[in-house]
Amino acid sequence: MQWLPERTEPCAWRARWVVPVTGDPIAQGVVTVVNGCIVQMGTSSDAPMNDLGDVVLMPGLVNAHTHLEFSDLTQPLGQPGQVFPHWIRDVIAWRRGRNIDPVASIELGLVESLRSGVAALGEIATGSAWTAAMAPTCDVTVFYEAICLQPARIAEVLARVDELLDHTAPGAKWRPGLSPHAPYTVHPRLLTALIERAQRRQLPVAMHLAESREELELLAQGTGPFRELLDGMGIGWPHDELSAFRQPFDYLQVLSTAPRSLVIHGNYLTAAETAWLGQQRERMAVVYCPRTHAYFRHEPYPLAALLNAGATVALGTDGRGSNPDLNLLAELRYVTKTFPKISPRQIVELGTLGGARALGIAGRLGSLEVGKLARCVILPCSASDPYETILQG
Ligand SMILES: [Zn+2]
Numbered sequence: 023m024q025w026l027p028e029r030t031e032p033c034a035w036r037a038r039w040v041v042p043v044t045g046d047p048i049a050q051g052v053v054t055v056v057n058g059c060i061v062q063m064g065t066s067s068d069a070p071m072n073d074l075g076d077v078v079l080m081p082g083l084v085n086a087h088t089h090l091e092f093s094d095l096t097q098p099l100g101q102p103g104q105v106f107p108h109w110i111r112d113v114i115a116w117r118r119g120r121n122i123d124p125v126a127s128i129e130l131g132l133v134e135s136l137r138s139g140v141a142a143l144g145e146i147a148t149g150s151a152w153t154a155a156m157a158p159t160c161d162v163t164v165f166y167e168a169i170c171l172q173p174a175r176i177a178e179v180l181a182r183v184d185e186l187l188d189h190t191a192p193g194a195k196w197r198p199g200l201s202p203h204a205p206y207t208v209h210p211r212l213l214t215a216l217i218e219r220a221q222r223r224q225l226p227v228a229m230h231l232a233e234s235r236e237e238l239e240l241l242a243q244g245t246g247p248f249r250e251l252l253d254g255m256g257i258g259w260p261h262d263e264l265s266a267f268r269q270p271f272d273y274l275q276v277l278s279t280a281p282r283s284l285v286i287h288g289n290y291l292t293a294a295e296t297a298w299l300g301q302q303r304e305r306m307a308v309v310y311c312p313r314t315h316a317y318f319r320h321e322p323y324p325l326a327a328l329l330n331a332g333a334t335v336a337l338g339t340d341g342r343g344s345n346p347d348l349n350l351l352a353e354l355r356y357v358t359k360t361f362p363k364i365s366p367r368q369i370v371e372l373g374t375l376g377g378a379r380a381l382g383i384a385g386r387l388g389s390l391e392v393g394k395l396a397r398c399v400i401l402p403c404s405a406s407d408p409y410e411t412i413l414q415g
């Protein structure tokens, strides 16, 4: 996979197949680019022609969910099929024992993403490694993660979030968002305060939700492996206090009041939640992380139900803590194998335009259309069908 070269002068690029995502593939397609923007699509151009040959030209991929702090890992943490709260325990232990600078790890992840044809990323930032000095080569939304279940500490966590937002907003080459981590780590009062900030500053929000059966058990009954983990850490679980938060739907409703929100995973969304997310497609998206989902051996993912409901669905690699690499194309190929009934065109859309819509950047990335950025990738044709080249390699 290669990137379409950037040129200062107007030029046209011809490929055996141009895959615009928003329309049918164009045989011997031509994309005309001026100043990095697409100005014409079709089969001809007045600009000087460059023939790319026997290749597929398509938009750069969008990885809507990752944690680049894990990018130095050579294999996922824990064991495949591990109970999810036990993996969380492993992550906490790894963070305490790590000896690589988080900035170096993030930079490794950015390089790997660029090599994998990723044009845009939704990144969850734990800590303060993302500073105005970071200059990623792709479009990055950095969701500042906030964690706190203890009411007495919420003000302190919010002060830290405000400091990060004030510090990085101007001049940064990426844009900030907010991430209330997950129901089992975020007190609803913290969640509400973060959503208020998102409304005030017009920021997107990303939250891990309906990720595991253990999370559903904790919310509904206040018991199970998550309860044991929280009790073991001396945090506990304020079950009685959270009587209005017994299921993911209660969190979805709060998230829907943010300017834009991403539901990360949604592995265990109910039919009613799925249908409701279909109605919220303009401002809410669900991010499916296929190989991470497989790593934990979750129940089958409700991908067809989400798509049938009309929900906006994006794909993510998640971090290297639960996935062997950050290659989004490998996620598309995994989805192709796992969901043979979903059309190739729809799968390609999940990894491009779906992610761009989720992150609110579909005006400039996610498809090849006049007015969008020419952040395109080139794949050598391995089959006569362009989707087969992309999805089967
Ligand atoms: Zn995650």
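The sequence shown finishes on residue 415 if you use the working numbering, and the numbering steps up by one all the way, no holes.
Beta carbons are placed, not taken as given, at the ideal position from N, Cα and C, and that holds for glycine.
Bear in mind that the values here come from a model prediction, so they are computed numbers and not experimental data.
Using 8 Å as the threshold, is the C-beta distance between L372 and V140 below it? Here residue 372 corresponds to residue number 350 of the sequence shown, with the count starting at 1. Here residue 140 corresponds to residue number 118 of the sequence shown, with the count starting at 1. No, the pair does not count as a contact, with Cβ atoms beyond the cut-off.
From D73, G58 and C59, pick the residue whose C-alpha is nearest to that of T65; which is it? Against the sequence shown, residue 65 aligns to sequence position 43. When the alpha-carbon of T65 is set against those of D73, G58 and C59, the nearest one is in D73.
Anything with a beta carbon under 6 Å from a heavy atom of ligand 1 counts; list them all in chain order. With 6 Å as the limit, the residues whose C-beta approaches a heavy atom of ligand 1 more closely than that are H87, H89, I146, H230, I286 and D340, in chain order.
Whether L216 touches A168 by CB criterion (8 Å): By 1-based counting over the sequence shown, the position of residue 216 is 194. By 1-based counting over the sequence shown, the position of residue 168 is 146. For L216 and A168, yes; Cβs fall inside 8 Å.
Within 10 Å of its beta-carbon, does R355 have 16 or more other beta-carbons around it, so buried, or fewer, so exposed? Indexing the sequence shown from 1 puts residue 355 at position 333. With 16 or more Cβ atoms within 10 Å of its Cβ, R355 is classed as buried.
If you compare alpha carbons, which of V392, R111 and T411 is closest to C59? Counting from one through the sequence shown, the residue named residue 59 turns up at place 37. Here the closest residue by C-alpha is V392.
Start-to-end residues for the beta strand (DSSP E) that takes in I60: Mapped onto the sequence shown, residue 60 falls at position 38. Run containing I60: C59 to G64, per the beta strand (DSSP E) assignment.
Return the Cβ separation of I176 and R211 in integer angstroms, given the expectation that the two are a contact with Cβ distance under 8 Å. Position 154 of the sequence shown, counting from 1, holds the residue named residue 176. Position 189 of the sequence shown, counting from 1, holds the residue named residue 211. Correct: roughly 6 Å between the Cβ atoms.
For Q24, which beta-bridge partners are listed by DSSP? Start at 1 with the first residue of the sequence shown, and residue 24 comes out as number 2. Under DSSP, the beta-bridge partners assigned to Q24 are I400.
Beta carbon of I286, beta carbon of H209: below 8 Å? Sequence index remark: in the sequence shown, residue 286 carries index 264 (1-based). Sequence index remark: in the sequence shown, residue 209 carries index 187 (1-based). It is not a contact, given that the beta carbons lie outside the stated cut-off.
If the criterion is Cβ atoms closer than 8 Å, does the pair V53 and V370 meet it? Here residue 53 is taken as the residue at index 31 of the sequence shown, counted from 1. Here residue 370 is taken as the residue at index 348 of the sequence shown, counted from 1. Going by C-beta atoms, V53 is not nearer than 8 Å to V370.
Per DSSP, which one or two residues make a beta bridge with N85? Sequence index remark: in the sequence shown, residue 85 carries index 63 (1-based). L143, per the DSSP bridge assignment.
Local conformation of D272 per DSSP, three classes: Taking the sequence shown and counting its residues from 1, one reaches residue 272 at position 250. DSSP places D272 in the helix class (H, G or I) of the three-state scheme.
Taking the alpha carbon of M80 as the point to measure from, which residue in Q24, D112 and P202 has its own alpha carbon closest? Residue mapping note: residue 80 aligns to position 58 of the sequence shown, counting from 1. Of Q24, D112 and P202, the residue nearest in Cα terms is Q24.
Roughly how many angstroms separate the alpha carbons of Y290 and S67, rounded to a whole number? As a working note, residue 290 is residue 268 in the sequence shown. As a working note, residue 67 is residue 45 in the sequence shown. Using only the alpha carbons, I get a separation of about 49 Å.
DSSP-derived helix/strand/coil call for Y420: A question about residue 420 goes unanswered here, because the residues of the chain that appear run from 23 up to 415.
Going by other Cβ atoms of all chains shown within 10 Å of its Cβ, with 16 needed for buried, is G254 buried or exposed? As a first step, residue 254 is located in the sequence shown; it is residue number 232 there, counting from the start. The residue in question, G254, is exposed, as its Cβ has fewer than 16 Cβ neighbours within 10 Å.
Could you tell me whether the Cβ of A242 comes closer than 8 Å to any Cβ of chain C? Structure shown: chain C not included; a single protein chain is present.
Do you know offhand how far V440's Cα is from E28's? With the chain running from 23 to 415 in the structure shown, residue 440 is simply not present.
Please work out which residues of its chain come closer than 7 Å, Cβ to Cβ, to L395, disregarding the five sequence neighbours upstream and downstream, and give them in chain order. Numbered from 1 along the sequence shown, position 373 holds the residue referred to as residue 395. Taking C-beta separations shorter than 7 Å and ignoring five residues to either side along the sequence, the partners of L395 in its chain run G58, C59, R386 and L387, following chain order.
Could you have a look at Y317 and say whether DSSP puts it in helix, strand or coil? The residue you call residue 317 lines up with position 295 of the sequence shown. Look at Y317 here: in three-state DSSP terms it is helix.
Closest Cα partner of L329 within the set G82, T314, V78 and A297: In the sequence shown, counting from the first residue as 1, residue 329 sits at position 307. That would be A297, whose Cα lies nearest to the Cα of L329.
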